[in-house]
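J.: Just so you know, the protein sequences line up as chains L and Y, in that order. Residue numbering for the first sequence follows the numbering used here, beginning at 12 and increasing consecutively. Residue numbering for the second sequence follows the numbering used here, beginning at 333 and increasing consecutively. We put the beta carbon where it would ideally sit given N, CA and C, even for glycine. Predicted, not measured: the structure shown is a model, and the values here were computed from it.
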Amino acid sequence: MTAARPDPTAQGSLDRALGLLGRLEARIMRAVWTGQVPEPFAVRDVRAHMPELAYTTVMTTLRRLADKGLLVADATLGKRAYDYRSAGSPEAFLAAASHREAQQVLDRYGDAALAAFAARLDALTPEQRTRLEKLEER
Amino acid sequence: MKPLAGRPALLTLVGALVVARLAWHPGRAICGQMTMAGCLGVAILVVAVLGLASWIVRASWLAISATREIARLPRLQPPDGLVIAAQRTGVDQVVCLDSAAAAAFCAGLLRPRVYVTNGMVVSLADQELDAVLVHEAEHAHRRDPLRRLAGRAAADMLFWLPLVGWWSRRRLEDAELAADRAAIRRVGRTPLARALRATATPVAPAAGAGFDGAGPARITQLLGDPPPRRRPPLAACLLSGLGLILAVSLAMCVGQGLASAILG
């Protein structure tokens with residue numbers, strides 16, 4: 012009998028996504044994305060897997076992950092602690108991160124060290140806009 | 333031109349320079365010994381040396397940080413569509429970036445390369461992608477990344493000469509128009525117009541970004557209209573004159589201080 016091997020593509024995406032996070036963030040997200048911590052989960056569920064971490068450390072890290080958009084925090088009526096769940100897969104996080112990174116590089120160095128193709132067309136006159144549309148339809 | 337009011341650090345620096353000049357009364361001993369021409373010569377030399385040194389530092393900083401950030405962008409094996417488009421247009425040194433954003437740019441100071449995201453490849457038709465590649469290849473051919481770096485560093489460090497910033501932006505616009513002309517010659521107006529529309533930046537970028545203010549001029553050229561007159565704004569001319577007078581005046585004080593130290 013052979014053990015099921017993880018999909019190398021998925022494993023690669025997971026490793027790349029975790030590489031973009033801090034050490035503790037990566038540790039928690041690995042547990043979430045690999046299903047070691049079933050969703051939805053609270054701070055105590057994460058601590059059950061990582062008992063050496065302080066409650067406040069886990070709580071702060073989960074909040075930071077929610078701020079970064081990796082987790083969704085759900086407030087439940089009558090409960091003081093939030094329930095968390097993953098906002099998306101490692102692939103979705105990687106896609107969003109690469110989109111953001113490319114845009115940041117263009118914004119930062121667009122007129123300094125590189126020549127970008129995109130242009131702002133918001134300053135066109137209505138007449139220019141109409142003529143441009145006609146040109147596109149040819 | 334970025335207004336001074338929107339840049340508090342710059343405004344503070346300019347104010348501090350004016351106060352420093354008003355408060356500084358250099359010794360008369362050296363001043364009396366130097367002719368006006370000599371004093372002016374020393375002042376201009378001081379301004380030139382300080383300007384050159386700060387330009388080199390700023391350009392190096394920009395070059396290193398841009399190169400590092402571009403190298404960090406995730407890359408992909410170019411998809412077939414991009415490989416075929418590169419062969420069709422004869423553009424080599426095309427790098428594919430792993431990003432859903434539809435973006436293309438030319439970067440690299442010594443060996444410029446064309447960077448295209450896979451988001452751009454899937455969002456454009458064949459001819460539109462050809463227009464993008466030819467446009468960016470023209471930037472590489474003209475070594476525009478290096479020119480932009482030089483212009484931007486000069487505009488940043490010679491902020492007290494707003495004309496330098498205006499000139500730098502005009503060169504940037506000229507480069508975009510030249511790259512568009514190359515794309516029109518090779519591929520035609522319609523594919524370029526479609527590609528421009530498909531990749532248009534939807535909103536004004538954040539303050540300080542302003543990565544392409546050439547949009548209206550590019551569309552004017554694309555539609556075959558006469559190019560707009562591009563004279564430097566009067567405010568930039570006046571501020572540049574004032575900035576030059578202030579800088580040389582301050583440098584005369586520095587020059588006198590240096591002369592005192594050297595001559596005793």
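According to DSSP, simplified to helix, strand and coil, what is L/R96?
T.: strand
J.: What residues in the segment 460-474 of chain Y have a beta carbon less than 7 angstroms from any beta carbon of chain L?
T.: V464, H467, E468 and H471
J.: What in chain L is Cβ-close to Y/A510, meaning under 8 angstroms?
T.: Going along chain L, no residue has its Cβ under 8 angstroms from Y/A510, so there is no contact; the nearest lies around 11 angstroms.
J.: Where are the beta strand (DSSP E) runs, 3 residues long or more, that stay fully inside the segment 380-432 of chain Y, in chain order?
T.: 426-429
J.: Measuring only between beta-carbons, confirm whether L/F128 sits less than 8 angstroms from chain Y.
T.: Closer than 8 angstroms: yes.
J.: Would you say the segment 456-464 of chain Y touches the segment 414-421 of chain Y, given that touching needs at least three Cβ pairs under 8 angstroms?
T.: Enough Cβ pairs lie closer than 8 angstroms, so yes.
J.: Would a check of beta-carbon distances place L/A106 closer than 8 angstroms to chain Y?
T.: yes
J.: For my contact list, L/A106 and Y/F437 are in at a C-beta cut-off of 8 angstroms; report their separation, rounded to the angstrom.
T.: Contact flag wrong, Cβ pair sits at about 19 angstroms.
J.: Three or more C-beta pairs closer than 8 angstroms, one from the segment 120-136 of chain L and one from the segment 428-443 of chain Y: is that the case here?
T.: yes
J.: List the residues of chain L whose Cβ lies closer than 9 angstroms to the Cβ of Y/E505, in chain order.
T.: By Cβ distance, chain L contributes nothing, its closest Cβ being about 10 angstroms from Y/E505, past 9 angstroms.
J.: List the DSSP bridge partners of L/A127.
T.: Y/F437
J.: Assign Y/I396 to one of two classes, buried (16 or more other C-beta atoms within 10 Å of its C-beta) or exposed (fewer than that).
T.: exposed
J.: By a C-beta neighbour count over all protein chains shown, 10 Å radius and 16 as the cutoff for buried, is Y/E505 buried or exposed?
T.: buried
J.: So what's Y/R445 in DSSP terms, helix, strand or just coil?
T.: Y/R445: strand per DSSP, three-state reduction.
J.: Leaving aside the five residues before and after Y/R407 along the sequence, list all residues of the same chain whose C-beta is less than 8 angstroms from its C-beta, in chain order.
T.: V427, C428, L429 and D430
J.: Report yes or no: is there a C-beta of chain Y within less than 8 angstroms of the C-beta of L/T32?
T.: Looking at the sequence shown, residue 32 of chain L is not Thr but Leu. Judged by the 8 angstroms Cβ criterion, L/L32 is not in contact with chain Y.
J.: Please give me, in chain order, every unbroken run of the alpha helix (DSSP H) with length at least 4 that falls completely inside the segment 486-519 of chain Y.
T.: As far as the segment 486-519 of chain Y is concerned, its whole alpha helix (DSSP H) runs of at least 4 residues are 494-518.
J.: Does DSSP put L/V48 in a helix, in a strand, or in coil?
T.: coil
J.: Would you report the Cα separation of Y/T367 and Y/G573, rounded to the nearest angstrom?
T.: One C-alpha to the other measures close to 23 angstroms.
J.: Can you pull the chain Y neighbours of L/V116, defined as C-beta to C-beta under 7 angstroms?
T.: E401, I402 and L405
J.: What residues match up with L/L82 in a beta bridge as DSSP calls it?
T.: L/S97
J.: Rounded to whole angstroms, what is the Cα-Cα separation between Y/V580 and Y/A375?
T.: Rounded to the nearest angstrom, the two C-alpha atoms are 6 angstroms apart.
J.: Buried or exposed for L/T141, going by 16 or more other Cβ atoms inside 10 Å?
T.: Burial call: exposed.
J.: Could you work out which residues of chain L lie near Y/I594, taking near to mean beta carbons separated by less than 9 angstroms?
T.: Here the premise fails: no neighbours, minimum Cβ distance about 38 angstroms.
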